[in-house]
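Those protein sequences? They're chains B and L, same order as listed.
Heads up, the first sequence is in the UniProt record's numbering, so the first residue is 1 and it goes up one at a time.
Heads up, the second sequence is in the UniProt record's numbering, so the first residue is 1 and it goes up one at a time.
Virtual Cβ for every residue (Gly too), placed ideally from N, Cα, C.
There are 2 protein chains.
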Amino acid sequence: MKPTVHDIAAHAGVSLATVDRVLNRRPGVSISTREKVDRAVSELGFVRDVGAANLAKGRVYPLTFIIPSNDNSFMRGLRHALDEAKASSVLERTAIRLVDVPAFDAVALARALDEAVADAPAGIAFVAVDAPDVLAAAERVVAQGIPLVTLVSDLSGAARDHYAGIDNAAAGRTAASLLGRFLGGQAGKVAVLAGSMLVRDHRERCDAFSDAMVRNFPKAQLLPVLEGRDDPGTVEQIIGALFADHADIVGIYSLGAGNRGLVRALEGVAEDKRPVVIAHELTETTRAALQSGLIDAVLNQDAGHEVRSAIRVLKAKADGLPVIAAQERIRIDIFLKDNLP
Amino acid sequence: MKPTVHDIAAHAGVSLATVDRVLNRRPGVSISTREKVDRAVSELGFVRDVGAANLAKGRVYPLTFIIPSNDNSFMRGLRHALDEAKASSVLERTAIRLVDVPAFDAVALARALDEAVADAPAGIAFVAVDAPDVLAAAERVVAQGIPLVTLVSDLSGAARDHYAGIDNAAAGRTAASLLGRFLGGQAGKVAVLAGSMLVRDHRERCDAFSDAMVRNFPKAQLLPVLEGRDDPGTVEQIIGALFADHADIVGIYSLGAGNRGLVRALEGVAEDKRPVVIAHELTETTRAALQSGLIDAVLNQDAGHEVRSAIRVLKAKADGLPVIAAQERIRIDIFLKDNLP
DNA sequence: CTGTTAGCGCGTTCAT
DNA sequence: ATGAACGCGCTAACAG
Numbered sequence: 001m002k003p004t005v006h007d008i009a010a011h012a013g014v015s016l017a018t019v020d021r022v023l024n025r026r027p028g029v030s031i032s033t034r035e036k037v038d039r040a041v042s043e044l045g046f047v048r049d050v051g052a053a054n055l056a057k058g059r060v061y062p063l064t065f066i067i068p069s070n071d072n073s074f075m076r077g078l079r080h081a082l083d084e085a086k087a088s089s090v091l092e093r094t095a096i097r098l099v100d101v102p103a104f105d106a107v108a109l110a111r112a113l114d115e116a117v118a119d120a121p122a123g124i125a126f127v128a129v130d131a132p133d134v135l136a137a138a139e140r141v142v143a144q145g146i147p148l149v150t151l152v153s154d155l156s157g158a159a160r161d162h163y164a165g166i167d168n169a170a171a172g173r174t175a176a177s178l179l180g181r182f183l184g185g186q187a188g189k190v191a192v193l194a195g196s197m198l199v200r201d202h203r204e205r206c207d208a209f210s211d212a213m214v215r216n217f218p219k220a221q222l223l224p225v226l227e228g229r230d231d232p233g234t235v236e237q238i239i240g241a242l243f244a245d246h247a248d249i250v251g252i253y254s255l256g257a258g259n260r261g262l263v264r265a266l267e268g269v270a271e272d273k274r275p276v277v278i279a280h281e282l283t284e285t286t287r288a289a290l291q292s293g294l295i296d297a298v299l300n301q302d303a304g305h306e307v308r309s310a311i312r313v314l315k316a317k318a319d320g321l322p323v324i325a326a327q328e329r330i331r332i333d334i335f336l337k338d339n340l341p
Numbered sequence: 001m002k003p004t005v006h007d008i009a010a011h012a013g014v015s016l017a018t019v020d021r022v023l024n025r026r027p028g029v030s031i032s033t034r035e036k037v038d039r040a041v042s043e044l045g046f047v048r049d050v051g052a053a054n055l056a057k058g059r060v061y062p063l064t065f066i067i068p069s070n071d072n073s074f075m076r077g078l079r080h081a082l083d084e085a086k087a088s089s090v091l092e093r094t095a096i097r098l099v100d101v102p103a104f105d106a107v108a109l110a111r112a113l114d115e116a117v118a119d120a121p122a123g124i125a126f127v128a129v130d131a132p133d134v135l136a137a138a139e140r141v142v143a144q145g146i147p148l149v150t151l152v153s154d155l156s157g158a159a160r161d162h163y164a165g166i167d168n169a170a171a172g173r174t175a176a177s178l179l180g181r182f183l184g185g186q187a188g189k190v191a192v193l194a195g196s197m198l199v200r201d202h203r204e205r206c207d208a209f210s211d212a213m214v215r216n217f218p219k220a221q222l223l224p225v226l227e228g229r230d231d232p233g234t235v236e237q238i239i240g241a242l243f244a245d246h247a248d249i250v251g252i253y254s255l256g257a258g259n260r261g262l263v264r265a266l267e268g269v270a271e272d273k274r275p276v277v278i279a280h281e282l283t284e285t286t287r288a289a290l291q292s293g294l295i296d297a298v299l300n301q302d303a304g305h306e307v308r309s310a311i312r313v314l315k316a317k318a319d320g321l322p323v324i325a326a327q328e329r330i331r332i333d334i335f336l337k338d339n340l341p
């Protein structure tokens, strides 16, 4: 049978309270009894029952999620995932608070982080804007001993405990391989459409994609990066202009959001002149475009997985428990029209 | 504050024991008091604390996993995943028992199912062989009220509570799209290498692949299906013969195991004559082949996810809890050399 | 049929 | 510095 605190107490010849003090690294225990207890713990192979502990503590984990108030499908999906997490928060003993901040606004994000700290939550998760202000605020959070997790987009400088998101360089390389191979050696111009080069995930995807294209598919001619601000209207206009300026666009890599605009622009292109298109995030728009053949492949990150992973990590960090990195890796889903869920 | 059994008891004007009886649908409660309790539950929005319940019950979930004693990389991975699940079984309150059966042996599998029932576990998971004997045995399991989950390969006839595995038809279609598009309109012969047409997952992949190729890539000439029995030696011989017989093999879809043999055969082909190759399951062999360019894409199912999902589902079913299907969907991972984990 | 009571494994006063 | 005792939310004898 699994050893309990009682067994430890008996084996060490002390009381339950003392065992508890040692287990939770609280003061008021002589160094010698501490050692006795530690020995008993390792000899009996004791592992504390987290469920029982939480029950006794009546512990809930107040968690703050800071999300850009961007209105694209992906962010809506993220919100939806957070709503689901909230729905099951009673069972999970979490109390999730959602804070909105303007998109791509480093100052606002930094302020939001500072304000979140004031509530002294058990953990904070946020979609990072990769800027010095944010980094400084993140360091303040960590200095307060509050577990901090970046979500979807990471922060340079390691001022966080964990990153719950995909490997964006790998995503960029993968997009390049798919695009290049789907082209089948065909020469022509390839356009890259980003949201903003101010966010690290977009930058990483873009760099990795460009590198891989140049290296592996030299016949493709890379055009300068376009920035659509993740906004459908802007994107439609930009891509419309692109087709007007260049007759021989054979490929497009859309690494940000706002694909509704991209699809509208693509619909205006004659069927036999349509480029190979790789986009990010499976939404209603990209799903329909995959099925109709306007988009050839979609790289996706599962917002639900990211949210749940962030919660798991935050809770674990709050308890001082280790995180099994391999199990928290967020995978890049590749969707063709054939394997849509 | 979250309502507890005490609140329910007070609200309904009954005792704790009665509330417990109603909550756990146990007999010995008059219909009228039952209704009172039910009303209190829904009025107060009571949700039972599973952790506390398990603590009180001291409940552990004895789970039986029936696995074919096949020695390929994938099955070894599955075993490894089960070992990991065993390692954390103390915390998860599970007691996992592993039962080996000869591969592809319907009679042995049926017997193993019957024997598993004798232990009255909280749930059973097994890799199905799609045969009448097995179906009958599965029905006996379900008749005993024991939750039953198929793992990796499903059973026709719906005599199970859940299937923890990928959509194999989607996998076949995806392989066809990747192969066809990587071919870039190039004509030539395409070979399909299966393990055995007697298992449902292989059959489904094969059928879906053939259908999609014929429909979408008519220039490719499909060769008759080869059966390598998931054995590297056999596979090497068969593929060697294939290349000897046909000079213009442009693509191979390996939908089973034994890829060590496939890779060895491919190494003997001149670099400029190598076909596009799509294979299943990320193993040391396929990973190395992806990196060296011998294999172009790998479709993978994550054995760890499948095992953990099976456990979650079995526990939920054992508790009479609903299963969120979308959250238990096992995804088809697509790996190129660029997005290897 | 219904209620009382004693734990499950752990954390936490309040004494000593 | 240490220990006794109670309670978290729920289940399970054991009485009535």
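Nearest CA to the CA of residue i: which residue from the options?
i: Asp319 of chain L; options: L:Val5, L:Arg25, L:Thr18; result: L:Arg25
i: Met197 of chain B; options: B:Ala131, B:Pro147, B:His6; result: B:Ala131
i: Arg203 of chain B; options: B:Arg173, B:Glu84, B:Asp38; result: B:Arg173
i: Ala170 of chain B; options: B:Asp7, B:Ser32, B:Leu255, B:Gly51; result: B:Leu255
i: Phe74 of chain L; options: L:Glu236, L:Asp231, L:Ser156, L:Leu63; result: L:Asp231
i: Gln221 of chain L; options: L:Arg229, L:Asp248, L:Ala244, L:Ile239; result: L:Asp248
i: Ala110 of chain B; options: B:Ala136, B:His305, B:Val225; result: B:Ala136
i: Val134 of chain B; options: B:Gly145, B:Pro121, B:Ala158; result: B:Ala158
i: Arg215 of chain L; options: L:Thr234, L:Gly180, L:Val141; result: L:Gly180
i: Ala116 of chain B; options: B:Val225, B:Ser309, B:Asp245, B:Leu98; result: B:Leu98
i: Leu91 of chain B; options: L:Ala52, L:Glu236, L:Asp119; result: L:Ala52
i: Ala118 of chain B; options: B:Phe182, B:Leu63, B:Ser89, B:Arg93; result: B:Leu63
i: Arg39 of chain L; options: L:Val14, L:Arg160, L:Leu55, L:Gly28; result: L:Val14
i: Leu113 of chain L; options: L:Ser89, L:Ile146, L:Ala85, L:Ile166; result: L:Ile146
i: Asn339 of chain B; options: L:Phe182, L:Ala175, L:Lys36; result: L:Ala175
i: Arg48 of chain B; options: B:Val22, B:Thr283, B:Val313; result: B:Val22
i: Glu236 of chain L; options: L:Leu223, L:Arg260, L:Val225, L:Ala244; result: L:Arg260
i: Ile96 of chain L; options: L:Ala103, L:Ala288, L:Pro121; result: L:Pro121
i: residue 342 of chain L; options: L:Val269, L:Thr33, L:Glu328; result: With chain L running from 1 to 341 in the structure shown, residue 342 of chain L is simply not present.
i: Glu43 of chain L; options: L:Phe243, L:Asp7, L:Ile67, L:Ala326; result: L:Asp7
i: Asp20 of chain L; options: L:Val37, L:His11, L:Ser32; result: L:Val37
i: Pro224 of chain B; options: B:Gly233, B:Ala212, B:Leu242; result: B:Leu242
List the residues of chain B that residue i touches, going by C-beta distances under 7 Å, in chain order.
i: Lys2 of chain L; result: Val90
Name the chain B residues that come within less than 9 Å of residue i, Cβ to Cβ?
i: Gly51 of chain L; result: Val50, Gly51, Ala52, Asn54, Leu55, Leu91, Arg93
i: Arg215 of chain L; result: Going along chain B, no residue has its Cβ under 9 Å from Arg215 of chain L, so there is no contact; the nearest lies around 11 Å.
i: Ser69 of chain L; result: What Ser69 of chain L touches in chain B: nothing, since even the nearest Cβ is about 27 Å away.
i: Val47 of chain L; result: Val90, Leu91
Given that residue i touches chain B, what residues does it touch there, using C-beta distances under 8 Å?
i: Thr174 of chain L; result: Leu336, Asp338, Asn339
Give the residues of chain L in contact with residue i, contact being defined as C-beta atoms less than 7 Å apart.
i: residue 345 of chain B; result: This structure cannot settle anything about residue 345 of chain B, because the visible part of chain B is limited to 1 through 341.
i: Gly195 of chain B; result: None at all; the shortest Cβ gap to chain L is about 21 Å.
i: Ala170 of chain B; result: Asp338, Asn339
Check whether the Cβ of residue i sits closer than 8 Å to any heavy atom of the ligand MN, and report yes or no.
i: Ile334 of chain B; result: Among the ligands in the structure shown, none appear at all, so the ligand MN cannot be discussed.
How would you list, in chain order, the residues of chain L whose beta-carbon sits under 8 Å from the beta-carbon of residue i?
i: Arg59 of chain B; result: Simply none; closest approach about 11 Å.
i: Ser177 of chain B; result: Leu336, Lys337, Asp338
i: Val5 of chain B; result: Under the 8 Å cutoff, chain L gives no residues; its nearest Cβ is about 13 Å from Val5 of chain B.
Please name the residues in the stretch 134–154 of chain B whose beta-carbon is closer than 9 Å to at least one beta-carbon of chain L, in chain order.
Those residues of the stretch 134–154 of chain B that come within reach of chain L (Cβ to Cβ, closer than 9 Å) do not exist; the list is empty.
Ranges of the beta strand (DSSP E) found wholly within the stretch 40–89 of chain B, counting only runs of at least 3:
You should have 61–68.
In chain order, which continuous runs of the alpha helix (DSSP H) of length 4 or greater are located wholly inside the stretch 171–240 of chain L?
DSSP runs (the alpha helix (DSSP H)) wholly in the stretch 171–240 of chain L: 200–216.
Would you call the stretch 141–159 of chain L and the stretch 115–133 of chain L in contact, with 3 or more CB pairs under 8 Å?
Touching, per the Cβ criterion.
Check each residue of the stretch 26–44 of chain L: if its Cβ is closer than 9 Å to any Cβ of chain B, include it; give the result in chain order.
Only those residues of the stretch 26–44 of chain L whose C-beta falls short of 9 Å from the nearest C-beta of chain B would be listed, and there are none.
Could you tell me whether the stretch 77–85 of chain B touches the stretch 298–309 of chain B, using the rule of 3 or more Cβ pairs below 8 Å?
Cβ pair count under 8 Å is three or more, so yes.
Cβ contact (3+ pairs, closer than 8 Å) linking the stretch 257–265 of chain L and the stretch 55–69 of chain L
As far as the Cβ criterion goes, the stretch 257–265 of chain L does not touch the stretch 55–69 of chain L, which means the pair count is below three.
Segment contact flag, the stretch 136–146 of chain L with the stretch 95–115 of chain L, C-beta cutoff 8 Å, min 3 pairs:
Taking 8 Å as the limit for Cβ pairs, the verdict is that the stretch 95–115 of chain L does touch the stretch 136–146 of chain L.
Interface residues of the stretch 179–204 of chain L facing chain B [CB-CB below 9 Å]
Arg181, Phe182, Leu183, Gly184, Gly185, Gln186: these are the residues of the stretch 179–204 of chain L whose beta carbon lies less than 9 Å from some beta carbon of chain B, given in chain order.
Complete runs of the alpha helix (DSSP H) confined to the stretch 102–144 of chain B [at least 4 residues]:
Here the runs fully enclosed are 106–118, 132–143.
Taking any Cβ of chain L, which residues in the stretch 312–330 of chain B have a Cβ under 7 Å from it, in chain order?
Listed by position along the chain: Arg329.
For the stretch 292–306 of chain L, which residues have a CB atom closer than 7 Å to at least one CB atom of chain B, in sequence order?
Residues passing the 7 Å Cβ filter: none.
Counting only runs that start and end within the stretch 242–283 of chain B, where is the beta strand (DSSP E) found for 3 or more residues in a row?
Those beta strand (DSSP E) runs which fall completely within the stretch 242–283 of chain B and span 3+ residues are 249–254, 276–280.
Give, in chain order, every residue of the stretch 218–248 of chain L whose Cβ lies closer than 7 Å to some Cβ of chain B.
If the cut-off is 7 Å between Cβ atoms, the stretch 218–248 of chain L has nothing near chain B.
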